[in-house]
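Below: one structure, written as C-alpha cells.
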Amino acid sequence: MNYKRVLICWLLFTGITNIQWRPIDNKTDYKAEVMKTLRKQILAQAAWAMQQQPVTVTAQHSPRSAGGKHDFFSEGDYWWPNPQSVDSPYVQRDGMSNPDNFVAHRQAMIRLSQLVGALASAYELTHDDKYVKQALQHCRAWFVDTATMMNPSLQFAQAIKGRFTGRGIGIIDTIQLMEVVQGLEAMENAKGMDHQLLEAIRRWFEQYLQWLTTHQHGKDEMNAANNHGTCWVMQTACFAKFTHNEKLKQFCRDRYKTVLLPNQMAADGSFPQELRRTKPYGYSIFNLDAMTTICQILSTKEDNLWNFSTPDGRNIRKGVEYLYTFVADKSKWPKQPDVMYWDNWPVAQPFLLFGANAYGNKDWFVTWKKLDHAPEVEEVIRNLPVRHPLIWL
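Written as C-alpha cells, this is what we have:
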C-alpha cells in the first residue's frame, strides 16, 4: 500500500493543502561506508594474513637486552652511539631515529596487530570462521603457549645503551596490542571462537594491566605530560574494556577529563607539548588520534566523552577542528616542517573518521576517505594506533 498517496488523498478530502514535504535526514551509517570504502583492501590483507605463521618475541633476541627470551625489548628511537667514544653511553638526537637500534620485537608486535586486525575486519565483512581460527593461532602463540609467549610486562622497552635497561616511555610500544584485543572482541560471538582460549588470553591482559598500573614504569608513563600520558590512558582503557574492568575504565574516563584534556590542550585546540617537538605535525596528529580513540573506547550514553568540555571550554571537537584545517590543506601548517617523515603525513587518520561518526561531519569523512588507508612507511604504521577502523565502529 502507498501510504503517502493515501495520506495525500485524505488531506485533499479534508481541505488541508498547505503541507510542505521534507525528506527525512537520515544519519550517515559510517560503518557501512567504511565497509564499502575498504572492502577490497580488507579482503586482500586477510588473504595475506591467512598465509602467515606466528612470530613472537622469542624468534629474535638482542645481546643488548637485560631481559630473557620471553621479554619484549626495544631501544629508544632517538639515541645514537657517541661519536667521541664507541663504548660510551648513547647520546640523544631528538626526532632522528637510529636505524641500527633493535626493533625486531616491535616489528613482530606490529605484524600481530596487522594480522589480527585484518582477519577480524574480514570476519566483520563475511562472518567466515576461518578468519577467527587463524587469528586465534597467532594469539595463542603470543599470550598462552609457554614456549613462545611474551611475558606480560614491558620492563625492557626503549632501553638506552649505557643508561637504562628499560624506561616507562617504552610502554607506548604496546599500543600495537589494542587492535589485537579489539579484533578478538569483534569475533567473540563467532561460532568458531574458542572461548576457553579467549579467557586465557584475557588473563594475560589482566596480568599486563596489573603490571601497567603498579610498576614504576607504568606510573611514570601514566604521569607523562604529553602523548605518552595519552597513550597510557588509551591502551589501558582498551585492555580494561577487553577484561571487563569497569573500575579501571572509569579511572581512565576521569583521567581524560581531569588530566589529559585540561593539561594538554590549549584554548585553540592545539597541543603545545607536541608543537614544541622537532616533529610537531606528526606528533600533533598522533596525540589527537590517541585522544579521539579514548573517546571512542570509553564513551557511553550516560558519559559521552565526545560531548565533554572543561569549564573553560576545551573539548575534543575543538581539537579535531583545529587540526583538520592542516590535514585538509597541509600547506597551511604554521610551524616548521617535521625533521623526518614530513612528506609521509597525513594518512587516513582515525580522528577524522571517529570525529565524523561522533558529530555527523561529512567533510571530515570525505577527507578521511581520500587519504592513504594502507601506508607502507614503518614510522607511520607504528604511530597509527587504529589501522583497521571497521572493528572500532
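According to our numbering, the sequence shown is numbered sequentially starting from 1385.
Positions of the beta carbon are idealized from the N, C-alpha and C atoms, including for glycine.
- A straight-line Cα-Cα distance of about 32 Å links Trp1776 and Val1723.
- Here the C-alpha atom of Thr1627 lies approximately 11 Å from the C-alpha atom of Ala1584.
- Proximity to Lys1719 across Thr1676, Gly1666 and Ala1758 peaks at Gly1666, based on C-alpha coordinates.
- The Cβ-Cβ distance between Leu1774 and Glu1508 falls below 8 Å.
- In the DSSP assignment, Gln1542 falls within the unbroken beta strand (DSSP E) covering Phe1540 to Ala1543.
- Scanning Phe1456, Gly1613, Gln1437 and Met1618 for the CA closest to the CA of Ser1446 turns up Phe1456.
- Taking Thr1662 as reference, the option from Met1480, Thr1694, Lys1424 and Glu1762 with the minimal CA-CA separation is Met1480.
- By the Cβ-count criterion, Thr1440 is buried, with 16 or more other Cβ atoms from all chains shown falling within 10 Å of its own Cβ.
- When secondary structure is reduced to three states using DSSP, Asn1699 falls in the strand class.
- Taking C-beta atoms as the reference points, Ala1519 and Gly1567 count as a pair closer than 8 Å.
- Here Pro1759 has Asn1728, Val1731, Ile1765 and Leu1768 as same chain residues with Cβ atoms under 8 Å from its own Cβ, once five neighbours each way along the sequence are excluded.
- Between Asn1610 and Glu1658, the C-beta spacing is below 8 Å.
- Taken through DSSP and simplified to helix, strand or coil, Gln1518 comes out as helix.
- For Asn1482 and Cys1523, the gap between their C-alpha atoms comes out near 30 Å.
- Taken through DSSP and simplified to helix, strand or coil, Gln1468 comes out as coil.
- Annotated three-state conformation of Val1764 is helix, per DSSP.
- Where Ser1505 is concerned, the enclosing alpha helix (DSSP H) starts and stops at Ala1488 to Thr1510.
- Counting along the chain, no beta strand (DSSP E) covers Ser1715, and no H or E run does either.
- In the three-state reduction of the DSSP assignment, Trp1463 falls in the strand class.
- Residue pairing for Phe1457: DSSP places it in a beta bridge opposite Phe1540.
- Excluding five sequence positions before and after Ala1433, the CB atoms of its chain that fall closer than 6 Å to its own CB belong to Leu1499, Ala1502 and Leu1503, given in chain order.
- With 16 or more other CB atoms across the displayed protein chains lying within 10 angstroms of its CB, Arg1637 is buried.
- Closest by C-alpha distance to Gly1554, out of Leu1582, Leu1496 and Ser1458, is Ser1458.
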